[in-house]
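What follows is a single structure, written as structure tokens, with notes after it.
In the numbering used here, the protein residues as written are 44 to 141.
Structural data, given as structure tokens:
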């Protein structure tokens, strides 16, 4: 699983995230964390798609969260927290076995 994600970007549309949240709330048996990703294209695939579909636009080299943060949003979890929690979840669900 991890090898498939290396070099790729998990992508999901915001509408799918909203629907997945509702779906989980309506299913009492749904517990724990879930990866909500419709597709996992590589960075190269994303770049190629944009170059072919929208050649009139320049592809930026960096992305950031400035827009949401200037509106006052504060992230509660940094990289270390995200990765540690992902490992805990993987262990709990049986995906990571020693």
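C-beta: ideal position from N, C-alpha, C; glycine also.
Secondary structure note for residue 67: its alpha helix (DSSP H) is the uninterrupted segment 57-69. Three or more Cβ pairs drawn from the region 49-62 and the region 71-85 lie within less than 8 Å of each other, which places the two stretches in contact. The C-alpha of residue 69 lies about 15 Å from the C-alpha of residue 77. Secondary structure note for residue 109: its alpha helix (DSSP H) is the uninterrupted segment 109-113.
The shortest C-alpha to C-alpha distance from residue 75 to any of 136, 116, 123 is the one to 136.
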